[in-house]
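Novice:
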Amino acid sequence: MAVAVRGAFEYALDPTHLDALFVRIAGDRDDRELLSSTGVDRMANVVCRVKPSVHAAYPADDHLPVSVAAVYARRARVPTAAGRERVRHTAERLGPVIRAMGGSAPDPLPG
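My numbering numbers the first residue of the sequence shown as -2 and each following residue consecutively.
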(Lines of atoms letter the chains of each structure in order from A and count residues from 1; the text may use other names and numbers.)
(Lines give C-alpha, C1' and ligand atoms only; values in the text may rest on other atoms or scores of the structure.)
Protein backbone atom coordinates (compact mmCIF):
# COMPACT_ATOMS: atom_id res chain seq x y z
CA MET A 1 0.00 0.00 0.00
CA ALA A 2 2.82 2.41 0.85
CA VAL A 3 4.34 1.94 -2.60
CA ALA A 4 0.99 2.63 -4.26
CA VAL A 5 0.48 5.81 -2.22
CA ARG A 6 3.98 7.02 -3.01
CA GLY A 7 3.41 6.33 -6.71
CA ALA A 8 0.16 8.30 -6.63
CA PHE A 9 1.90 11.25 -4.95
CA GLU A 10 4.74 11.16 -7.45
CA TYR A 11 2.27 11.09 -10.34
CA ALA A 12 0.04 13.85 -8.96
CA LEU A 13 2.91 16.10 -7.88
CA ASP A 14 5.17 15.62 -10.90
CA PRO A 15 7.71 18.49 -10.79
CA THR A 16 7.61 19.16 -14.53
CA HIS A 17 3.84 19.64 -14.48
CA LEU A 18 3.88 21.72 -11.29
CA ASP A 19 6.59 24.07 -12.56
CA ALA A 20 4.77 24.54 -15.88
CA LEU A 21 1.52 25.21 -14.01
CA PHE A 22 3.19 27.85 -11.85
CA VAL A 23 4.69 29.61 -14.89
CA ARG A 24 1.27 29.60 -16.55
CA ILE A 25 -0.36 31.19 -13.47
CA ALA A 26 2.30 33.49 -12.06
CA GLY A 27 4.33 34.15 -15.16
CA ASP A 28 7.95 33.37 -15.80
CA ARG A 29 10.05 34.18 -12.75
CA ASP A 30 13.68 33.72 -11.88
CA ASP A 31 13.35 30.17 -10.55
CA ARG A 32 16.80 28.82 -11.14
CA GLU A 33 17.46 28.18 -7.47
CA LEU A 34 14.04 27.57 -5.92
CA LEU A 35 11.48 25.93 -8.16
CA SER A 36 7.80 25.88 -7.33
CA SER A 37 7.90 22.09 -7.37
CA THR A 38 10.60 22.16 -4.68
CA GLY A 39 8.24 24.11 -2.42
CA VAL A 40 5.46 21.59 -3.06
CA ASP A 41 7.82 18.71 -2.31
CA ARG A 42 8.91 20.24 0.99
CA MET A 43 5.31 21.00 1.98
CA ALA A 44 4.40 17.39 1.20
CA ASN A 45 7.06 16.37 3.74
CA VAL A 46 5.37 18.57 6.33
CA VAL A 47 1.83 17.46 5.46
CA CYS A 48 2.83 13.78 5.60
CA ARG A 49 4.60 14.45 8.92
CA VAL A 50 8.00 13.44 7.64
CA LYS A 51 9.20 16.83 8.92
CA PRO A 52 7.52 18.86 11.68
CA SER A 53 7.63 22.24 9.86
CA VAL A 54 8.63 24.03 6.69
CA HIS A 55 11.64 25.37 8.55
CA ALA A 56 12.75 21.83 9.38
CA ALA A 57 12.09 20.53 5.85
CA TYR A 58 14.45 22.87 4.02
CA PRO A 59 17.71 22.41 5.94
CA ALA A 60 17.24 18.66 5.50
CA ASP A 61 17.91 19.18 1.80
CA ASP A 62 21.65 19.81 1.70
CA HIS A 63 21.79 20.62 -2.01
CA LEU A 64 19.25 23.46 -1.95
CA PRO A 65 21.29 26.67 -2.48
CA VAL A 66 18.88 29.11 -0.78
CA SER A 67 18.33 30.13 2.81
CA VAL A 68 15.22 29.33 4.83
CA ALA A 69 14.49 33.09 4.86
CA ALA A 70 14.45 33.04 1.04
CA VAL A 71 12.02 30.12 1.15
CA TYR A 72 9.59 32.03 3.37
CA ALA A 73 9.95 35.18 1.25
CA ARG A 74 9.17 33.15 -1.86
CA ARG A 75 6.13 31.54 -0.23
CA ALA A 76 4.81 34.98 0.72
CA ARG A 77 4.89 36.07 -2.93
CA VAL A 78 3.00 33.09 -4.35
CA PRO A 79 -0.34 34.21 -5.81
CA THR A 80 -3.50 32.79 -4.25
CA ALA A 81 -4.52 31.51 -7.67
CA ALA A 82 -1.46 29.25 -7.70
CA GLY A 83 -2.70 27.29 -4.69
CA ARG A 84 -6.18 26.97 -6.14
CA GLU A 85 -4.79 25.74 -9.46
CA ARG A 86 -2.48 23.25 -7.73
CA VAL A 87 -5.49 21.70 -6.01
CA ARG A 88 -7.42 21.60 -9.30
CA HIS A 89 -4.40 20.11 -11.10
CA THR A 90 -3.96 17.40 -8.46
CA ALA A 91 -7.66 16.53 -8.56
CA GLU A 92 -7.56 16.24 -12.35
CA ARG A 93 -4.50 13.98 -12.26
CA LEU A 94 -5.83 11.74 -9.47
CA GLY A 95 -9.51 11.76 -10.47
CA PRO A 96 -9.21 8.68 -12.71
CA VAL A 97 -7.32 6.80 -9.99
CA ILE A 98 -9.91 7.67 -7.35
CA ARG A 99 -12.79 6.64 -9.63
CA ALA A 100 -11.07 3.37 -10.57
CA MET A 101 -10.75 2.52 -6.88
CA GLY A 102 -14.44 3.26 -6.27
CA GLY A 103 -13.65 6.25 -4.10
CA SER A 104 -15.49 8.98 -5.96
CA ALA A 105 -18.51 10.72 -4.50
CA PRO A 106 -21.14 12.88 -6.18
CA ASP A 107 -20.36 16.59 -6.34
CA PRO A 108 -21.89 18.34 -3.30
CA LEU A 109 -22.81 21.28 -5.52
CA PRO A 110 -23.55 21.35 -9.24
CA GLY A 111 -20.42 22.15 -11.28
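We put the beta carbon where it would ideally sit given N, CA and C, even for glycine.
Three or more C-beta pairs closer than 8 Å, one from the segment 0 to 18 and one from the segment 34 to 46: is that the case here?
Specialist: yes
Novice: Arg3: buried (16+ other C-beta within 10 angstroms of its C-beta) or exposed?
Specialist: Position 6 of the sequence shown, counting from 1, holds the residue named residue 3. Counting Cβ neighbours within 10 Å, Arg3 comes out exposed, since fewer than 16 surround it.
Novice: Grouping DSSP H, G and I as helix and E and B as strand, with all else coil, what is Asp38?
Specialist: Residue 38 sits at position 41 when you count from the first residue of the sequence shown. Residue state, collapsed to three classes: helix.
Novice: Please list the terminal residues of the continuous alpha helix (DSSP H) segment that includes Leu15.
Specialist: Residue mapping note: residue 15 aligns to position 18 of the sequence shown, counting from 1. 12 to 23 is the extent of the alpha helix (DSSP H) around Leu15.
Novice: For my contact list, Tyr55 and Val68 are in at a C-beta cut-off of 8 Å; report their separation, rounded to the angstrom.
Specialist: Counting from 1 along the sequence shown, the entry for residue 55 is found at position 58. Counting from 1 along the sequence shown, the entry for residue 68 is found at position 71. That pair is a contact at about 5 Å.
Novice: So, for Ala87: in the same chain, excluding its five sequence neighbours on each side, which residues have a beta-carbon less than 6 Å away from its beta-carbon?
Specialist: The count along the sequence shown starts at 1 and reaches residue 87 at position 90. Here the sequence assigns Thr to residue 87, which means Ala is not the residue at that position. Only Ala9 meet the Cβ criterion.
Novice: Short of 7 Å in beta carbon distance, which residues of its chain neighbour Glu82, apart from the five on each side in sequence? Order them along the chain.
Specialist: Working through the sequence shown from its first residue, we reach residue 82 at position 85. Same-chain partners within the cutoff: Leu18, Ile22.
Novice: Leaving aside the five residues before and after Met71 along the sequence, list all residues of the same chain whose C-beta is less than 6 Å from its C-beta, in chain order.
Specialist: Indexing the sequence shown from 1 puts residue 71 at position 74. Inspection of the sequence shows that residue 71 is occupied by Arg rather than by Met. For Arg71, where only same-chain residues beyond five positions count, the Cβ hits under 6 Å are Leu31.
Novice: Output the distance between the C-alpha atoms of Asp38 and Leu91, rounded to the nearest integer angstrom.
Specialist: The count along the sequence shown starts at 1 and reaches residue 38 at position 41. The count along the sequence shown starts at 1 and reaches residue 91 at position 94. Roughly 17 Å separates the two Cα atoms.
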